[in-house]
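K.L.:
After the structure tokens below, expect a handful of questions from me.
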């Protein structure tokens, strides 16, 4: 089982939409939690070093720009889904 953390601005209504989509459509067999980036100003890479079997999804312009092309919900869903599949394979879950 993976620990999946969605780090977002909880005051942003769009974050709630994305968070609900992640929970509903992408995460079925894993632990899911949400933290506010306003309270946790960190970078994904630092957290991934600290947590084993953890996928951190950081919802902000800088991190989302790593995805190719303009951001849209489908691209984010695919990126998350691909990451989950990679980690499931890596940890043989």
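Numbering (my numbering), first residue to last: 64 to 156. Where is the CB? At the ideal position from N, CA and C, for every residue including glycine.
#1: Do residue 72 and residue 100 have their C-beta atoms closer together than 7 Å?
#2: Would you report the Cα separation of residue 75 and residue 96, rounded to the nearest angstrom?
#3: Output the distance between the C-alpha atoms of residue 93 and residue 152, rounded to the nearest integer angstrom.
#4: By the DSSP assignment, the beta strand (DSSP E) with residue 72 in it spans what residues?
#5: What's the C-alpha gap between residue 142 and residue 148?
P.N.:
Checking against the coordinates, here is how it stands:
#1: Yes.
#2: Going by the C-alpha atoms only, they are around 17 Å apart.
#3: Taken atom to atom, the span from the alpha-carbon of residue 93 to that of residue 152 is near 14 Å.
#4: Looking at the DSSP string, residue 72 is not in any beta strand (DSSP E), and its letter there is neither H nor E.
#5: Rounded to whole angstroms, residue 142 to residue 148 spans 10 Å at the Cα level.
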